[in-house]
Amino acid sequence: MKRRLLLLSLLPALLLAAWLTSFLKTGGLHTALQLSSRALGIKVPRPEDMQSPLTTAAGFKVLRYYSAISGPRGLAYSPAGLIVSSSSEGGVYRLIDSDRDGSAERHITIIDKLKRPTGLAIHNNWLYIAETDAIGRIAYNPLNGTTQGRYQRIIHKLPIGGNHWRRVIHFGPDGWLYLAIGSSCNVCIEDDPRRGTIMRFHADGSAGEIVATGLRNSAGFDWAPWNAQLYATDNGRDWLGDDEPPDELNHITHGSFYGWPYSNGFGKVDPDYGDHSSKPSQQGNPPAHGFRPHNAALGIIFNRSSKLPPDYQRSAFVALHGSWNRSTPDGYKVVSLHWNEDGSIVEKDLLTGFLTPKGRILGRPAELAQSEDGSLYISDDHADTLYRLYPTNSPAK
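Just so you know, numbering that gives the first Met the number 0 puts the end of the sequence shown at 396, numbered straight through with nothing missing.
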């Protein structure tokens with residue numbers, strides 16, 4: 000009887016220990032654990048102290064930054080906190096790191112009830128949000144995170160539906176708002192000329208024009224800080240086998256055509272639509288760099304921090320979301336691209352471990368943002384997690 004009473008008295012403590020152990024092993028709800036630990040006087044390990052399958056390039060460390068938003072995708076950094084969009088939740092959120100320990104404890108909703116929001120951009124005290132069918136903005140103070148007034152849609156009636164419904168936006172060094180609109184299909188001739196393009200608009204949404212065409216799905220783009228040249232990722236078509244065609248990094252120039260749907264990769268004629276081409280020029284401009292086929296190159300951001308190792312001063316970072324229809328999964332990592340003086344580009348692994356040696360998918364990097372201290376924020380819409388990759392010569396917090 001005494002033994003039974005002893006076991007019953009210990010049961011709450013045993014259950015609590017099991018609960019803590021389970022969540023620490025999986026890395027889930029770290030924020031809740033931190034809050035609970037303060038109330039209970041229990042010290043919970045920081046995310047970077049927990050066992051992680053992720054491996055970084057030399058000179059970097061990674062930690063789990065936040066894990067309480069479903070399907071985090073678009074990112075924009077502001078001093079008041081990282082801003083995150085969730086297409087599945089229809090919301091845009093600001094993350095709060097109150098104790099400045101290098102990981103966020105909670106988030107607040109900036110705006111919700113949006114239509115599949117993805118792209119985010121901050122410009123002249125406005126937060127711009129790319130919904131699937133419109134671009135809107137709300138007055139935003141990046142220093143304290145407050146908004147003012149109502150959210151207003153300034154670009155309407157974007158093409159909807161189809162395979163590529165996410166919209167990506169960024170402001171260029173010319174002050175124009177750039178927008179990528181992916182194709183409606185795997186491979187086809189579009190009815191809407193805005194499909195498969197990069198466009199640009201004045202900051203108020205007026206004077207829209209097409210910048211470049213023949214881009215199947217440019218899910219990320221940015222400008223090299225050393226020459227203000229625009230580069231965009233592009234996802235190659237499907238169903239040509241495991242090893243065709245490569246995903247692309249294109250050097251975007253105004254008025255240029257980049258091949259889709261008539262040619263793929265480095266000028267290879269498309270087997271389905273190549274005979275529709277009436278001009279040799281419809282092979283399109285060749286890529287500046289080719290990624291492995293079906294790696295799904297999404298977000299790209301150029302390094303703008305002097306705090307990274309010297310090898311990264313002329314570099315960009317690209318999120319490879321990973322293949323969905325290869326016989327053997329591939330991608331699922333973040334890579335760095337390094338520009339040599341002759342213009343050639345070298346690709347290196349930066350953050351790996353999202354795909355196990357046995358082919359288990361642990362995460363899918365999607366979008367990227369960078370803060371002033373050189374930290375790189377990475378969204379993972381598969382594991383519902385945001386990561387912070389930072390140089391080892393900087394503190395974790």
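Backbone N, C-alpha and C define an ideal beta-carbon position, used for all residues, glycine too.
Looking at C-alpha atoms only, which residue of the options is the closest neighbour of residue i?
i    : options                   : result
W125 : Y257, T108 and Q147       : Q147
P244 : H250, N226, S255 and G264 : G264
M198 : F170, D348 and C187       : F170
K289 : T196, K347 and W238       : It should be pointed out that residue 289 corresponds to Gly in this sequence rather than to Lys. It is K347.
C187 : A218, G235 and T351       : G235
R136 : L142, L119 and A67        : L119
I168 : P116, G144 and L62        : P116
P52  : Y386, P390 and T391       : Y386
W397 : N302, D271, L350 and E366 : Any property of residue 397 remains undetermined from this structure, which presents the chain solely from 0 to 396.
H293 : T232, N143 and A315       : T232
D310 : V345, G160 and R291       : V345
S217 : S378, Y64, G373 and E366  : E366
R363 : L375, D191, D190 and L297 : L297
I300 : K306, V317, N284 and R291 : V317
L176 : R215, L142, E189 and F220 : F220
D111 : P141, S77, P78 and R149   : R149
K156 : T131, N324, K306 and D379 : T131
S304 : I159, T145, S393 and G240 : S393
P224 : R313, T145 and R194       : R313
I183 : L375, N123, S335 and G161 : What sits at residue 183 in the sequence shown is Ser, not Ile. When each option's Cα is compared against that of S183, the closest is G161.
I251 : L229, L349, P192 and I128 : L229
N123 : H253, K114, Y376 and N140 : N140
E189 : Y127, Y272 and L319       : Y272
Apart from the five residues on each side of it in sequence, which residues of its chain come closer than 8 Å, Cβ to Cβ, to residue i?
i    : result
I360 : G321, P328, Y331, F353, L354 and H381
S69  : S85, S87, E88 and D383
G266 : G258, Q282, G283 and P285
Q151 : G135, R136 and I137
G358 : T327 and P328
What residues in its chain sit with their C-beta under 7 Å from that of residue i, if we drop five residues either side in the sequence?
i    : result
I95  : G80, A103, E104, R105, H106 and I107
I399 : Residue 399 lies beyond the residue range present for the chain, which begins at 0 and ends at 396; the question has no answer from this structure.
D269 : V186, P260, Y261, S262 and N263
S21  : Residue confidence is low: S21 scores 41 on pLDDT, short of 50, so the model does not pin down where it sits. Its coordinate-derived value is still stated next. Contacts found: none.
A206 : F200
T419 : The first residue shown for the chain is 0 and the last is 396, placing residue 419 beyond what the model contains.
Which residues bound the beta strand (DSSP E) around residue i?
i    : result
K347 : I344 to T351
H337 : K332 to W338
S314 : S314 to L319
F301 : A296 to F301
Y386 : T384 to P390
P364 : P364 to Q369
R63  : F59 to Y65
T232 : L229 to D233
Y376 : L375 to D379
A290 : According to the sequence provided, residue 290 is Phe. The question's Ala does not apply to it. Element bounds for F290: H288 to F290.
W323 : First-last for W323: undefined, no H or E at that position.
D221 : F220 to W222
I209 : E208 to A211
E247 : D246 to I251
Quick one: using the 10 Å Cβ neighbour count with 16 as the cut-off for buried, is residue i buried or exposed?
i    : result
G213 : buried
R99  : exposed
K24  : Confidence at K24 is low in this model, with a pLDDT of 37, below 50, so its placement is unreliable and the value that follows should be read with caution. The residue is exposed, with fewer than 16 neighbouring Cβ atoms inside 10 Å.
D173 : exposed
P356 : exposed
R72  : buried
L142 : exposed
A227 : exposed
N249 : buried
P158 : buried
G181 : buried
S335 : buried
S326 : exposed
A38  : For A38, the predicted model reports a pLDDT of 43, less than 50, meaning its position is unreliable and no value from the coordinates is stated.
D379 : buried
So, at 6 Å on beta carbons, what are the nonlocal neighbours of residue i in its own chain, with the 5 sequence-adjacent residues on each side left out?
i    : result
R165 : T117
I82  : A75, R93 and L119
I209 : T196 and M198
T351 : T54 and K332
S370 : Y76
D246 : N234, G235, F290, N294 and A296
P308 : G58
Can you find a C-beta in chain D that's less than 9 Å from the C-beta of residue i?
i    : result
G101 : Of the protein chains in this structure there is only one, and it is not chain D.
Residue ranges of each beta strand (DSSP E) within the region 75-160, 3 or longer:
82-85, 90-95, 105-110, 119-122, 125-129, 134-139 and 146-154
Taking only runs of the beta strand (DSSP E) that begin and end inside the region 157-201, which ones reach a length of at least 3 residues, in chain order?
166-170, 176-180 and 196-200
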